[in-house]
Every structure is written in C-alpha cells, then in structure tokens.
Amino acid sequence: MRALLALLVVLLLGSAAQAERLIVSVSNHRVTVTPNYSGEELVLFGSVEKDATTPADRTAYDLVVTVMGPRADMVTRRKERTFGIWINTDYRQFLQVPSYLALFANRPFDAITSPEIARRQQIGLNNVRLTQRVSGDFADVVPNDAFRSAFIRLRTERGLYREDPSAVTFLTPTLFRTGIPLPAEVPIGTYEIEIKLFANGALVAKTETAFEIVKVGFEQFVATTARQNGLIYGLATAAMALMTGWMASIVFRKD
Amino acid sequence: MQLYLPIADLPVNVFLVLAMGAAVGFVSGMFGIGGGFLMTPLLIFIGITPAVAVASVASHIAASSFSGALTYWRRRAIDPALASVLLCGGITGTTLGVWTFTQLRALGQLDLMIALSYVVLLTTVGSLMFSEGLRALMRTRRGAVPPRRTHNWIHGLPLKMRFKRSKIYLSVIPVVIVGIVIGFIGAIMGIGGGFILVPIMIYLLRVPTSTVIGTSMVLTLVTMLFATLLHAVTNHLVDAVLALILMVGGVTGAQFGARAGQKIRGEQLRLLLGLLILSVGVRFAIELVIRPEDLFTIRELGVST
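Going down the list, the protein sequences come from chains Y and E. Residue numbering for the first sequence follows the numbering used here, starting at 122 and increasing by one per position. Residue numbering for the second sequence follows the numbering used here, starting at 3 and increasing by one per position.
Written out as structure tokens, the structure is:
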C-alpha cells in the first residue's frame, strides 16, 4: 500500500515536474548572535537546472527571493493632537506578520511579472499579505492604508523590512547569488527563504530553504531567564542591587 | 565598547551608560537624593523605551539607597518605627503602581502617562523648591531669622504613635498615606521619590532633620527592591545588565557628589536642585507639545516561535 502511494506521489510529481529545477544553499544555516554582534550578511547561492523538457528558447530568467523571519503579532499606534498634547489614539493590530521581511530580485518587480501574478505570489512589499484585525474582522487592506504603510516604513527604517530589486545577481545565465543583510537587532528564530523563478513573466519554479538565528552567551541567558523565571530573575537583580550598594559602602567607607 | 542590552534589545556604548550613571550619581550624592528622576529621562533620551527605563532604574536606585542607608544606619540616623509605618504604605503603593503600569502598558498609554507625570510632578516640585530656596537665600542675605515652625492640622489626626528615635508624636494615617503615594509614583515613574519625600517629611510631618534622610532612604530602598521584583515578575522589563552598569557608575559618582555637596550652602543647594528638577519637567512638557517626528509607533506582542 505504502509503496503504491509512493509510486503515485512520484508519478504525480513527475507529471507536475517543471522544466527547471532550483538548487540553492545559504552560506550559514545557523547564525549565532553574540553580545557584541553588530549585524552580518548571509549569502544565498543557487543555480537553475534545466532538463530535456526545457524550451530551447528559454534563456533569460528572473528571480525573486523572499526572506521571512519568525512571525509575531504587532500593534501600530497613531498619535493625534488632543488638548494640545500628542496622544496615542487609534491603533491596528497586525496578526502573525513576519518580524523580518526581505524581498530581493534581479530587476524591478513590475518588470518581472504582471501586477496580477505579483499580487498572488506576494512579490514586493506592497503585495505581501499583512493581516490586520479591524474591529473583529481579519483582513489585509489596500497597500496605501495609513497604518499599513506606516508599519512598513517603520520596520524598513529599523532595517527589518527591506526590498531591493537589484540584490540578486546572475553570475552566469543560470548561476545566481544574493546577500541577505541581517541588522544588529535581528529577531531570533527560524527564517524561511522562498526562491521563485520567473521566465517571461510566468512562475516556472519555486523552492524553499531556511536558516536559524540563535542568540548565545550571557546576554541570551539573561533574556531567557527574565522571560521564563521572572521571580528568580527579579530576586537575583534585587540581590545584585544590594550587593553593589553594600560593596560601595565598604569601599568608600570614610570612618 | 558596544554591549547588547538583553531586555532593552538595543546595543549601547558601555562607557556612555557608565558616564551617565556617574553623572547622575554625582548629582544624587550632592543633593542626597536617589536621582531616579534624572536617570529615567536620560535613558529614555538615549532610546531605551520608557517601560524598560522605569523598571531597570528601580534596581539602580535600590543599590544607591542601600549604600546610603547603611551609612545612616551606622550613624543611628534611621528611625526604625517611622520607617516600618512608612513601609506599610510604601509596599501597598508600589503594588498599586506596578498594577497600574501593566494596565496602562496594555492600553498603549504608558509612555504618555510617564511623560505627563514627569511634567506635573517635576514642574510643581521644582518651582516650589526653587522659590523656597530663593526665599531662604534672600532671608539669609537680609539676616532675618527663619519663621518658627508651628503644628498644623496633620498633628490633630487620631491614631497617634510615638516615634522615639525622631522624638515625635504623630498620627500613623498621614505617614501611611505618604508611603502609598511615594510607592505608587515611584513604581510608575521610575523614581525613588526622595526629592518629594524629604520635603514632605520635614514640612508636613515635622520629622527632625537628623533622621529624615536616613529614614526616607529605607523607604526608597524597600519600595524600589519591591518594584524591581514586581516589574520582573509581571512585565519582564528589568534589564539587569543595564542596571548593573548604572549601579557601578552611580555609586562611584555619588561618593564624589557627596563631597562636592558639603562645600555648597544648603539654600544654594536647594535652589540648584529646584532648577534641575524644573528643567527636566519642562523638557518633558516640550516633548509632549511639539509634533512628534513620527506619529506612528510599533509594539511587538511577543514572537511566537
């Protein structure tokens, strides 16, 4: 039974198999963030493998790379002037949105494919789905929504959201590379990379890979303890305060 | 040297934070105050979120007030009975304060409330202290004697208790209320409250100057330790690394400040302190009134991994 199923899967895959296959790898699958980490750049390499069914005239490829960090709920708030002072008044909650998001391509997104496919494949920051909770409803809104664009702008300013339509370079017509910049305040967790290959505006192949960002050292130990053992952490901090104060009174004792 | 602060989630220059700690320590040693009202704003100005600043400064103040309290204890300048009654109020106030802090944070109004409290409290206390210092300075210029202290309505309240070390006979009601108020604002604003507590104890409760500073330090110490604990348990916002750097800078600076303070006359000291408090309050007021650079802010509600 199982063998039959496996055969079926192979057959199905075989029939759906595209003329191109993508083979990719990142320079480092596990990035460790140390206390003096100040950002780094990963490199994604890959090549387009053609097979016998590839149309002979297909030579020019376009590539879109999407890197997505661990997902989280986020709240965007807007200040308004009330009684002469600036107060947070309105807010939107973004549900399970990537904490890091990068979109790279080898040429402008609108030159790669049609607006329709770009929207469906979430190509470009304007087309990425960012679900908002709007009074009980869950929906993504139009790209020029004030909260959505402010959200993307603020994340971009911190280097956590980015799009660069010239980051992917084709070294040969089938061999490509792109850098993935990771800022100093990069969130930890699992990062998914989606690589989409386009030819003549149509999606012809797609693959995925991932890497992981872990924080190591004392600093991470502190952060984890603070979150998981709040009481012990608080007691330790209080004890540290007492120790420091006591030591100071001994060191600087005048009489 | 850059160091990554684990809870503030921000790289900072160690020497900058150390220098800030020392500078605030110097001022606090000079005036005999905790210095939280300077430290918290400074941290906010270098980019640490108000919530983390308030929670971390609490442990920093605990350290500096502990070293101060030990010194006063050795000089027998602490009234244990008065301190315990104050603490009853202080612990209650701190609990209420941390609870309010959590609620405001969930509503997204915490930063505003911190800024507003700074404006109201610091401009009021600052101008009172400044004008009082100015009057005192004029009096000494003219050579007039300060007006004699008289008993006020507070001394007519029931539930009186004798505080031996301070040699006062006083109702516990105002003492507990003062404790609650100081504990509450301390937990929300990240201040020890010494700069308000000492004047209140001198002018309203008529506590003699011999025990006032030592006793107020005990209240500051315990409320701030308690606030550290509660902030750590409920909001996970205490940055121990940041606090340690601040403590080391603070206690060192305080020693030099205390020596400098002895060379300045009392009235001038109060005038200067009043001016300092007032300017921090005004700084916050300006921040609230001018249009912020960015009207939008983002807060992460925890990464789900």
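Ideal Cβ positions, reconstructed from N, Cα and C, are used throughout, including at glycine. Keep in mind it's a predicted model, so treat the numbers as computed, not measured.
Supposed close pair residue i, residue j - CB separation, criterion 8 Å
i                      : j                      : result
residue 312 of chain Y : residue 160 of chain Y : That belief does not hold up - the Cβ atoms of residue 312 of chain Y and residue 160 of chain Y are roughly 15 Å apart, past 8 Å.
residue 244 of chain Y : residue 322 of chain Y : With a Cβ gap of about 11 Å, residue 244 of chain Y and residue 322 of chain Y do not count as contacting.
residue 196 of chain E : residue 88 of chain E  : The pair is not a contact, with the Cβ atoms about 12 Å apart (cut-off 8 Å).
residue 154 of chain Y : residue 309 of chain Y : 7 Å
residue 346 of chain Y : residue 353 of chain Y : 7 Å
residue 255 of chain E : residue 26 of chain E  : 7 Å
residue 41 of chain E  : residue 262 of chain E : That pair is no contact at about 18 Å.
residue 330 of chain Y : residue 314 of chain Y : 5 Å
residue 369 of chain Y : residue 61 of chain E  : So it is not a contact: roughly 14 Å between Cβ atoms.
Where the alpha helix (DSSP H) through residue i begins and ends
i                      : result
residue 356 of chain Y : 351 to 372
residue 6 of chain E   : It is not in any alpha helix (DSSP H) - residue 6 of chain E instead sits in the beta strand (DSSP E) that spans 4 to 7.
residue 116 of chain E : 112 to 144
residue 167 of chain Y : Segment 161 to 171 is the beta strand (DSSP E) holding residue 167 of chain Y; no alpha helix (DSSP H) there.
residue 183 of chain E : 174 to 191
residue 231 of chain Y : 230 to 233
residue 328 of chain Y : Per DSSP, residue 328 of chain Y belongs to no alpha helix (DSSP H); it is in the beta strand (DSSP E), 323 to 336.
residue 44 of chain E  : 38 to 47
Contacts around residue i, its chain only, beta-carbon distance under 7 Å, and the 5 residues preceding and following it disregarded
i                      : result
residue 168 of chain E : 81, 84, 209, 210, 213
residue 74 of chain E  : 80, 215, 216, 219
residue 8 of chain E   : 241, 243
residue 283 of chain Y : 223, 277
residue 178 of chain E : 87, 90, 91
residue 194 of chain E : 36, 38, 63, 67, 188, 222, 226
residue 305 of chain Y : 158, 159, 160
residue 234 of chain E : 240
residue 175 of chain Y : 140, 141
residue 228 of chain E : 93, 96
residue 142 of chain E : 269
Boundaries (first-last residue) of the beta strand (DSSP E) holding residue i
i                      : result
residue 310 of chain Y : 310 to 320
residue 31 of chain E  : Per DSSP, residue 31 of chain E belongs to no beta strand (DSSP E); it is in the alpha helix (DSSP H), 16 to 33.
residue 211 of chain Y : 206 to 219
residue 184 of chain Y : 183 to 189
9 Å Cβ cut-off: residues of chain E touching residue i
i                      : result
residue 366 of chain Y : 64, 65, 66, 67, 68, 69, 70, 71, 72, 223, 249, 253
residue 361 of chain Y : 61, 65, 242, 245, 246, 249
residue 196 of chain Y : 110, 299, 300, 301, 302, 303
residue 354 of chain Y : 234, 235, 238, 240, 242
residue 300 of chain Y : Within chain E, no residue comes near residue 300 of chain Y; the closest Cβ sits about 22 Å away, beyond 9 Å.
residue 340 of chain Y : 5, 6, 7, 8, 243
residue 177 of chain Y : Near residue 177 of chain Y there are no residues of chain E at all, since even the closest Cβ is about 46 Å away, more than 9 Å.
residue 167 of chain Y : Correct list: empty, because the minimum Cβ distance to chain E is about 26 Å.
Spatial neighbours of residue i in its chain, beta-carbon cut-off 6 Å, leaving aside the 5 residues before and after
i                      : result
residue 133 of chain Y : At residue 133 of chain Y the pLDDT is 46, less than 50, meaning the model places this residue with poor confidence; the figure from the coordinates comes in the next sentence. Excluding residues within five positions, none has a Cβ falling inside 6 Å.
residue 212 of chain Y : 196, 198
residue 133 of chain E : none
residue 18 of chain E  : none
residue 224 of chain E : 89
residue 392 of chain Y : Absent from the model: residue 392 of chain Y. The displayed extent of chain Y is 122 to 376, so no value can be given.
residue 45 of chain E  : 55
Within chain Y, the residues that residue i reaches when beta carbons sit closer than 7 Å
i                      : result
residue 134 of chain E : Simply none; closest approach about 29 Å.
residue 83 of chain E  : Result: empty, since nearest Cβ-Cβ is about 23 Å, beyond 7 Å.
residue 291 of chain E : 205, 206
residue 294 of chain E : 200, 207
residue 52 of chain E  : Those within 7 Å of residue 52 of chain E in chain Y number zero; the least Cβ separation is about 13 Å.
residue 206 of chain E : Result: empty, since nearest Cβ-Cβ is about 28 Å, beyond 7 Å.
residue 257 of chain E : 373
Contact set for residue i: own chain, Cβ-Cβ below 8 Å, skip 5 residues either direction
i                      : result
residue 285 of chain Y : 223, 224, 225, 226
residue 107 of chain E : 53, 237
residue 290 of chain Y : 227, 297, 298, 299
residue 112 of chain E : 52, 53, 103, 106
residue 292 of chain E : none
residue 128 of chain E : 276, 277, 278, 279, 280, 281, 282, 283
residue 99 of chain E  : 185, 186, 187, 188, 189, 190, 229
residue 12 of chain E  : 6, 49, 50
Where residue i meets chain E, residues with beta-carbon distance less than 7 Å
i                      : result
residue 233 of chain Y : Neighbours of residue 233 of chain Y on chain E: none; closest Cβ ~30 Å, over 7 Å.
residue 343 of chain Y : 8, 242, 243
residue 146 of chain Y : Near residue 146 of chain Y there are no residues of chain E at all, since even the closest Cβ is about 24 Å away, more than 7 Å.
residue 212 of chain Y : 110
Chain Y residues whose Cβ lies nearer than 8 Å to that of residue i
i                      : result
residue 227 of chain E : 359, 362, 363
residue 20 of chain E  : Chain Y residues near residue 20 of chain E: none, gap ~13 Å exceeds 8 Å.
residue 230 of chain E : 355, 358, 359, 362
Closer than 9 Å at the beta carbon, the chain Y residues around residue i
i                      : result
residue 210 of chain E : Result: empty, since nearest Cβ-Cβ is about 22 Å, beyond 9 Å.
Cross-chain neighbours of residue i in chain E, by beta carbon under 8 Å
i                      : result
residue 182 of chain Y : Chain E residues near residue 182 of chain Y: none, gap ~34 Å exceeds 8 Å.
residue 275 of chain Y : 296, 298, 299, 300
residue 269 of chain Y : Within 8 Å Cβ-Cβ: nothing; residue 269 of chain Y doesn't reach chain E, min ~11 Å.
residue 280 of chain Y : Those do not exist, as residue 280 of chain Y stays about 13 Å from chain E at its closest Cβ, beyond 8 Å.
residue 331 of chain Y : Within chain E, no residue comes near residue 331 of chain Y; the closest Cβ sits about 13 Å away, beyond 8 Å.
4 or more residues per run - each alpha helix (DSSP H) lying fully within the segment 198 to 268 of chain E: 211 to 236, 242 to 263
In chain order, which continuous runs of the alpha helix (DSSP H) of length 4 or greater are located wholly inside the segment 51 to 115 of chain E? 52 to 76, 82 to 109
Ranges of the alpha helix (DSSP H) found wholly within the segment 239 to 297 of chain Y, counting only runs of at least 4: Entirely contained in the segment 239 to 297 of chain Y, the alpha helix (DSSP H) runs reaching 4 residues are, in chain order, 267 to 278.
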